[in-house]
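Have a look at the structure below, then the notes.
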Amino acid sequence: MAENKKPFQLDKETLVIIGVACLVFLWTVDRIFSAKGPKEEEPGKPNAERMEIREEPKKVEKANVPLATGKEPIDKIFIQSGCAACHTIPGIVAARGREGPKLELGTNARKRLADPNYQGRANTDWEYVQESILNPGVYIVKGYRDHVMPRWYGQKLSAEALDKIIQYLLKIEEV
Ligand code: HEC
1 MAENKKPFQL DKETLVIIGV ACLVFLWTVD RIFSAKGPKE EEPGKPNAER MEIREEPKKV
61 EKANVPLATG KEPIDKIFIQ SGCAACHTIP GIVAARGREG PKLELGTNAR KRLADPNYQG
121 RANTDWEYVQ ESILNPGVYI VKGYRDHVMP RWYGQKLSAE ALDKIIQYLL KIEEV
């Protein structure tokens, strides 16, 4: 009864062949497209490097960048923060500034607190040094002017940097 066979009826074998042909076709298309992707980069240019270039540069708020994090060595902290440009600081070779007084707080913090003109809030040497960095207008060292030393160190120094500065300055005695 071969005549009853519909002309377009497909037997199993033909279906398998068509199926395999489809798979081969899809695989070829996939290879062609993936060839444009990162798999076939120029030799010598690792993917990671290219991806880094594609990354958006991180946006940093300028105002939040500290002058010093406190991880730097002490001389770097004084230089990066600008103190060295205005102050002479014994032990810091680059600190030869003359805009402000020579920093010898191991001797002078006590003297400032004892000055009858002192009207700040500090009770200890440590507090005096901290106050004169964060709030320079509170007490003006005799012979110097107010509004020369910046008033924004509170926003520009990390707590760690500030602590290191104070610790260092309190060790300097007048000679
Ligand atoms: C643009 C110049 C300038 C810069 C920068 C500056 N200072 Fe001063 N500083 C001064 C002047 C001027 C005075 C004196 C007037 C006063 O007492 O506010 C002073 C006073 C001080 C005093 C009080 C000194 C004393 O003998 O009582 C300290 C402490 C001090 N500065 C620390 C610092 C530190 C730490 C930095 C950096 C983080 C710094 N200064 C940056 C100009 C500067």
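So the sequence shown is residues 1 to 175, counted in UniProt numbering.
Cβ atoms here follow ideal geometry from the backbone N, Cα and C, with glycine treated the same way.
Source: prediction; values computed, not measured.
With a threshold of 16 other CB atoms inside 10 Å of the CB of residue i, please say whether the residue is buried or exposed.
i           : result
R112        : buried
I79         : buried
H87         : buried
L170        : buried
E173        : exposed
residue 177 : The structure shown does not extend to residue 177, since the chain spans only 1 to 175, so no value can be given for it.
I89         : buried
L105        : buried
E41         : Caution is warranted here: a pLDDT of 48 is assigned to E41, below 50, making its placement in the model unreliable, and the coordinate value is therefore given only provisionally. E41 should be labelled exposed.
How big is the Cα-Cα spacing for residue i and residue j?
i           : j    : result
R31         : V24  : 11 Å
L157        : G70  : 8 Å
R96         : T124 : 27 Å
S81         : K102 : 16 Å
V20         : D11  : 15 Å
P73         : Q119 : 33 Å
Y139        : I77  : 24 Å
V65         : L26  : 53 Å
residue 177 : Q130 : The chain is shown from 1 up to 175; residue 177 falls before or after that span and cannot be answered.
residue 181 : A114 : In this structure the chain extends from 1 to 175, so residue 181 is not present and cannot be described.
Which first and last residues belong to the alpha helix (DSSP H) in which residue i is found?
i    : result
Y144 : No alpha helix (DSSP H) contains Y144, which DSSP labels as neither H nor E.
V129 : 125 to 134
G106 : 105 to 114
Y168 : 159 to 170
D11  : Unbroken run through D11: none, as it is neither H nor E.
K156 : 153 to 156
I89  : Neither: I89 is in no alpha helix (DSSP H) and is coded neither H nor E.
Q119 : First-last for Q119: undefined, no H or E at that position.
K76  : 74 to 80
Quick check on this structure: which residue in the options has the alpha carbon closest to the alpha carbon of residue i?
i    : options                : result
K142 : P116, E13, A122, K164  : P116
A94  : L103, A84, K102        : A84
P150 : S158, I77, N135        : N135
T107 : R96, W126, G120        : W126
A68  : E173, G100, L162, G120 : L162
Q167 : G120, A109, Y139       : A109
G100 : Q9, I133, I77, W152    : I133
H147 : G154, D75, G137        : G137
D98  : G154, R145, Y128       : For the record, residue 98 in the displayed sequence is Arg; it is not Asp. It is R145.
Within 7 Å of any Cβ in chain B, is that where the Cβ of residue i sits?
i    : result
E104 : Looking for chain B here will not work: only one protein chain is present.
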